[in-house]
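A.B. asks: My structure is below; once you've seen it, I'll send some questions.
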Amino acid sequence: ANQGVMVAREKSLEMVAGDDKLKSFFADNKTVLPDIAVAIIENTPNIQSITQ
Numbered sequence: 036a037n038q039g040v041m042v043a044r045e046k047s048l049e050m051v052a053g054d055d056k057l058k059s060f061f062a063d064n065k066t067v068l069p070d071i072a073v074a075i076i077e078n079t080p081n082i083q084s085i086t087q
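Quick note on numbering: our numbering labels position 31 of the sequence shown as 66, and the sequence is numbered without any gaps.
Set out below in structure tokens:
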């Protein structure tokens, strides 16, 4: 599960890489990143299949 969170985190960072507002949000809220990553995994079946 931990590895999946790390993968989702990387994917999340890739997705926001081109978006300055999102980038600064994530930079300011590093502690919520794991929670967001878990939420993304739980709500995105294709990410689930990648990480499992």
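Quick reminder that beta carbons are idealized off the backbone N, C-alpha and C, glycines included.
Please report the straight-line C-alpha distance between Glu-77 and Arg-44, rounded to a whole angstrom.
C.D. replies: Within the sequence shown, the letter at position 42 stands for residue 77. Within the sequence shown, the letter at position 9 stands for residue 44. Their Cα atoms are separated by approximately 13 Å.
A.B. asks: If you draw a straight line from the C-alpha of Ala-74 to the C-alpha of Gly-53, how long is it?
C.D. replies: Within the sequence shown, the letter at position 39 stands for residue 74. Within the sequence shown, the letter at position 18 stands for residue 53. So the two alpha carbons sit approximately 21 Å from each other.
A.B. asks: Measure the C-alpha to C-alpha separation of Asn-81 and Gly-39 and round it to an integer number of angstroms.
C.D. replies: Within the sequence shown, numbered from 1, the residue matching residue 81 stands at position 46. Within the sequence shown, numbered from 1, the residue matching residue 39 stands at position 4. Approximately 12 Å between the Cα atoms of the pair.
A.B. asks: I need the DSSP call for Gly-39, collapsed to helix, strand or coil.
C.D. replies: To locate residue 39, count along the sequence shown from 1; it is residue 4. Three-state DSSP puts Gly-39 in a helix.
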